[in-house]
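Each residue of the sequence shown is one higher than the one before, starting from 1 at the first, in the UniProt record's numbering. Every residue, glycine too, gets a C-beta built ideally from N, C-alpha and C.
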Amino acid sequence: MRYTAIVEVAKSWARFNLMLLRVVVGLDYEIRGREKIPPGAVLVAAKHQSAWETFALLPLFPNPVFILKRELQWIPIFGWLTIKGRMVPVDRRKGAKALVAMVERARIELALNRQLIIFPEGTRRPAGADPAYKQGVAHLYVAEGVPCVPIALNSGLFWPRRSVRRHPGKVLVEILDPIPAGLAREEFFQRLQAAIEPATARLIAEAKARGTDKT
């Protein structure tokens, strides 16, 4: 089975889960700024607050590929899908060697006009927590030479990290203006945080103003 078929299966699975969350939990979502996604190969840097975005972002892109922890490929069935879907694993135990391997694999996938999704903080952070961006995203941006699409969201209000509880409401996702390729590493790193963090704070405040947050 071609990897593109696996990706379409993953998108259908994601849509099914989003439907279940809406029907069973009352958790809906709103995507803003879809028109800002450029065609072809891009780096996508998304805020990471919840398990929600690990599947909900898939249907947004024509040919998505996630950068993920290698350990996830050991999960039965799910792990097989990530391998066959050509997701990019990172073995964090290998340090700098893992970064080199990630860049090499990412370059192969981007050559197929895929949208490479990375969580710049590396792990889920509670909604409203101080940011903790890692340099890996800047290294990838410089090495690959493609635009970067920042994404802000407030999913952690409704599906907190390390919790199986989901709360009714509406997750807000905002696709922000792409950052062009070719910036210096530190300029990109600062621009990325300056884009995602205020937008995320605004989405959290909007949910709180509506009274839909459950934190």
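message: Check this for me: beta carbons of residue 178 and residue 137, under 9 Å apart or not?
response: The criterion of a C-beta distance shorter than 9 Å is not satisfied by residue 178 and residue 137.
query: Is residue 143 near the ligand NAP, judged by its Cβ being under 8 Å from some heavy atom?
result: What this structure holds is no ligand at all, so the ligand NAP is not there to describe.
query: For the 8 Å Cβ check, are there 3 or more pairs between the region 20–39 and the region 153–172?
result: The region 20–39 is in contact with the region 153–172.
- prompt: By DSSP, does residue 133 sit in helix, in strand, or in coil?
  reply: Here residue 133 sits in coil by DSSP.
query: Smallest Cα separation from residue 155: which of 139, 202, 61?
result: Residue 155 has its Cα closest to that of 202, out of 139, 202, 61.
Local Cβ density within 10 Å of residue 85, reported as buried at 16 or more and exposed below that: The residue in question, residue 85, is buried, as its Cβ has 16 or more Cβ neighbours within 10 Å.
task: Using only alpha-carbon positions, find the residue among 109, 97, 75 that is nearest to residue 87.
output: Comparing Cα-Cα distances from residue 87 to each of 109, 97, 75, the minimum goes to 109.
message: By the DSSP assignment, the beta strand (DSSP E) with residue 83 in it spans what residues?
response: The continuous stretches of beta strand (DSSP E) do not include residue 83, which lies in the alpha helix (DSSP H) extending over residues 78–84.
Rounded separation between residue 185 and residue 95 - CA only: Rounded to the nearest angstrom, the two C-alpha atoms are 20 Å apart.
field: Per-residue burial, residue 45 [other beta carbons within 10 Å of its own, 16 or more giving buried]
entry: Taking every protein chain shown into account, the CB of residue 45 has 16 or more other CB atoms within 10 angstroms, so this residue is buried.
- request: Tell me, please, which residues DSSP counts as bridged to residue 32.
  value: Bridge partners of residue 32: 174.
message: What does the alpha-carbon distance come out to for the pair residue 43 and residue 16?
response: One C-alpha to the other measures close to 26 Å.
- request: Return helix, strand or coil for residue 49, following the three-state DSSP convention.
  value: Note: residue 49 maps to coil in three-state DSSP.
query: Taking buried to mean at least 16 other C-beta atoms within 10 Å of its own C-beta, is residue 51 buried or exposed?
result: That one is buried.
task: Determine which residues share a DSSP beta bridge with residue 169 and list them.
output: The partner list for residue 169 (beta bridge, DSSP) reads 27.
- prompt: So is residue 23 buried or exposed if we call it buried at 16+ other beta carbons inside 10 Å?
  reply: Classification for residue 23: exposed.
query: Is residue 153 helix, strand or coil when you go by DSSP?
result: Note: residue 153 maps to strand in three-state DSSP.
field: Whole-angstrom distance between residue 200 and residue 105, CA atom to CA atom
entry: Between the C-alpha atoms of residue 105 and residue 200 there is a straight-line separation of about 30 Å.
- request: Identify every residue that forms a DSSP beta bridge with residue 67.
  value: Its beta-bridge partners are 88.
query: Quick one: what does DSSP say residue 108 is sitting in, helix, strand or coil?
result: It is helical.
task: Just mark residue 204 as buried or exposed, buried being the case when its beta carbon has 16 or more other beta carbons within 10 Å.
output: Flag for residue 204 reads buried.
message: Using C-beta distances below 8 Å, list every residue in its chain close to residue 83, excluding the 5 sequence neighbours before and after it, in chain order.
response: Excluding sequence neighbours, residue 83 sits near 73.
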